[in-house]
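Numbering (my numbering), first residue to last: 813 to 1086. Idealized CB from N, CA, C, for every residue including glycine. Here the structure is laid out as structure tokens; the discussion comes afterwards.
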Amino acid sequence: GVLRVIGDPARRYREDPVRMLRAVRLSAKLGLQLDSASRKPIHALADRLQGVPSARIMVEMEKLLLSGHSQQSVEQLRKENLHHGLLPLLDVILEQPMGERFVMLALKKTDERIAQGKTVSPPYLFAALLWHEVLTAWEKSQAGGERALPALHLAMDQVLDAQREMLAIPRRYDVTMKEIWTLQPRFLQRGGSRPFRLLEHPRFRAAFDFLLMRGESGEVEAELGQWWEEFQHADEAQRSRMLQADDAPKKRRRKRKPKAPGAESAAPAQDMAL
């Protein structure tokens, strides 16, 4: 089937550039091809999306990502050259093999959940879409000498700030996204009491599903996700046997300096009125 824009496509796109995004979304959702007259002006007018308020772009992106056909929609955006500036992942990540696998896997699972009538968390989805941008910034910050955890927090803020210049991601999403991201390095800690504390975190399940996607895409060893799958369903005895050596850095206790001789003498005398 073919999808046509009513009226003169070029004029319609100039009146409202968002119509180009809608055309792509509807063609993917309905399984139709844009006719040549509707497609031809898109490449020349794609830059007009830069002048659209970021809040409107966000509304269209959420519709696209939660349409149940997000994979096809993103591929169509790339084909029509409409992805530039909408999300860093669409500019950069889709050009990186590892990042592209992760993003496409996240979109595939989102589409599957919607097809099954299950709910989808937009913050979780955006956490997945922006993860490799965060990962790149995190590694860069650590290479500059920053410690791991401060470097991760810095990377998260940098990516979100840069993203909001184009796309108005609601700030209410930040807490969930940042919790999912900050829990990822904690999955590497499989000794002592740390695994038990992680299981009790209210965002554990979302972060664990995120970890499984990282393993499935090849970013981390699948064994890590398998270990956590077994650990969370094991009994106490099995969990104790599964624990690995706790090689996490310990907090150094401050040593008290020895008191100087006579330091415990009485407080200095004060003048008192008799």
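| query | result |
| --- | --- |
| Tell me which residue opens and which closes the alpha helix (DSSP H) that R913 is part of. | 909-927 |
| Rounded to the nearest angstrom, what separates P865 and F1008 at their Cα positions? | 45 Å |
| Just grab the DSSP bridge partners of Q845 for me. | V814 |
| For R863, report the span of its alpha helix (DSSP H) as first-last. | The residue asked about is misnamed: residue 863 is Gly in this sequence, not Arg. Counting along the chain, G863 falls outside any alpha helix (DSSP H), and DSSP gives it neither H nor E. |
| Pairs of beta-carbons, one from the segment 860-876 and one from the segment 965-979, closer than 8 Å: are there three or more? | yes |
| Might you give, ordered along the chain, the residues of its own chain that have their beta carbon closer than 8 Å to the beta carbon of R1015, omitting 5 neighbours on each side? | T988, E991, I992, L995 |
| If we count the other Cβ atoms within 10 Å of its Cβ and call it buried at 16 or more, is R959 buried or exposed? | exposed |
| Looking only at its own chain, which residues have a Cβ that is under 6 Å from the Cβ of A939, when we skip the five neighbours before and after it? | M989, I992 |
| For T1095, count neighbouring C-beta atoms within 10 Å of its own C-beta (all shown protein chains included) and say buried if the count is 16 or more, exposed if not. | The requested residue 1095 is not part of the displayed model; the chain covers only 813 to 1086. |
| Can you tell which of M832, Y825, R1017 has the C-alpha that lies nearest to the C-alpha of H1045? | R1017 |
| If you check the beta carbons only, do Q883 and M916 fall under 8 Å apart? | yes |
| According to DSSP, is G753 helix, strand or coil? | Outside the shown range of the chain, which is 813 to 1086, sits residue 753, and nothing can be said about it. |
| Please work out which residues of its chain come closer than 7 Å, Cβ to Cβ, to V836, disregarding the five sequence neighbours upstream and downstream, and give them in chain order. | S885, Q888, L889, E892, L894 |
| Determine the extent of the alpha helix (DSSP H) in which I981 is found, giving its start and end residues. | No alpha helix (DSSP H) contains I981, which DSSP labels as neither H nor E. |
| With respect to the alpha helix (DSSP H) encompassing V971, which residues constitute its N-terminal and C-terminal limits? | 960-975 |
| For L941, which option in L964, H965, F1022, A1034 has the closest C-alpha, if you only look at C-alpha atoms? | F1022 |
| Ends of the alpha helix (DSSP H) at P1007? | 1006-1011 |
| Thinking Q1056 and R1002 are a contact (beta carbons under 8 Å), I'd like their distance in whole angstroms, please. | 4 Å |
| Could you check which residue in D828, L846, G880, M968 has the C-alpha nearest to that of L857? | D828 |
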